[in-house]
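J.:
In this note's numbering, the protein residues as written are 1000 to 1208.
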């Protein structure tokens, strides 16, 4: 049952009745559906409308995955993927990221310039363009990466902790500032800033923004 639900999620998230706001009337119109499927599991967690009428989709996969003729091969237990489709449902580009540990894209957001912000999690290390981010031991930590509309990586950062941290939300404002929310049990670090639990406990789950 779990595998069936995961496949269904991937298939349904590529149905696109709302891609361009100019096309939305009193009743939504159906435009296209694309199925991404293979012999293994693939999960689409994040979706965001592109400024040019296309759509970005991100998630994870753990076996060879074909997207309109392009085959992505995972490097480890599961790799993150990010793909862009145009307004007609044609793949513009697709790429994967990962290492030996499980990696995934969880949330997407698009800024006014058409760049897409991808927020996800990884274990051990992950290469994003020329940026290689590393984790501490086997803990899962967060990556935040900005891609241009052609799939090029503009920058990448990590949010880490002394224990696993997980992303829960992402947003970007009109000035291009990026916002990320998530949860963790211990100290959480962003660049040189470290956030400490408010009550001093290392066992409770805290949220952060």
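Where a beta carbon is used, it is the ideal one built from N, C-alpha and C, also for glycine.
Find the nearest neighbour of residue 1143 within the set 1117, 1081 and 1186, judged by alpha-carbon distance.
T.: Indexing the chain shown from 1 puts residue 1143 at position 144. Here the closest residue by C-alpha is 1117.
J.: Using the Cβ count rule (16 or more neighbours within 10 Å means buried), how would you classify residue 1113?
T.: Mapped onto the chain shown, residue 1113 falls at position 114. Its Cβ having fewer than 16 others within 10 Å, residue 1113 is exposed.
J.: Which one of 1049, 1076, 1085 and 1115 has the shortest CA to CA distance from residue 1101?
T.: Here residue 1101 refers to the residue found at position 102 when the chain shown is read from its first residue. Comparing Cα positions, the closest option is 1076.
J.: Does the distance from the CB of residue 1166 to the CB of residue 1141 come in under 8 Å?
T.: Taking the chain shown and counting its residues from 1, the one referred to as residue 1166 is at position 167. Taking the chain shown and counting its residues from 1, the one referred to as residue 1141 is at position 142. Yes, the Cβ-Cβ distance between residue 1166 and residue 1141 is below 8 Å.
J.: By how many angstroms is the C-alpha of residue 1189 removed from the C-alpha of residue 1159?
T.: Working through the chain shown from its first residue, we reach residue 1159 at position 160. Working through the chain shown from its first residue, we reach residue 1189 at position 190. Cα to Cα, the separation comes out at about 7 Å.
J.: Measure from the alpha carbon of residue 1149 to the alpha carbon of each residue in 1090, 1097 and 1168, then state which is nearest.
T.: For the purposes of this step, residue 1149 is taken as residue 150 along the chain shown, with counting starting at 1. The residue with the shortest Cα to Cα distance from residue 1149 is 1090.
J.: For residue 1139, I'd like the list of residues in its chain whose CB is within less than 6 Å of its CB, leaving aside the five on either flank, ordered along the chain.
T.: To locate residue 1139, count along the chain shown from 1; it is residue 140. If we look at residue 1139 and ignore the five residues flanking it on each side, its Cβ neighbours are 1120, 1122 and 1163.
J.: For residue 1063, count neighbouring C-beta atoms within 10 Å of its own C-beta (all shown protein chains included) and say buried if the count is 16 or more, exposed if not.
T.: The residue you call residue 1063 lines up with position 64 of the chain shown. In this structure residue 1063 is exposed. Its beta-carbon is surrounded by fewer than 16 other beta-carbon atoms within 10 angstroms.
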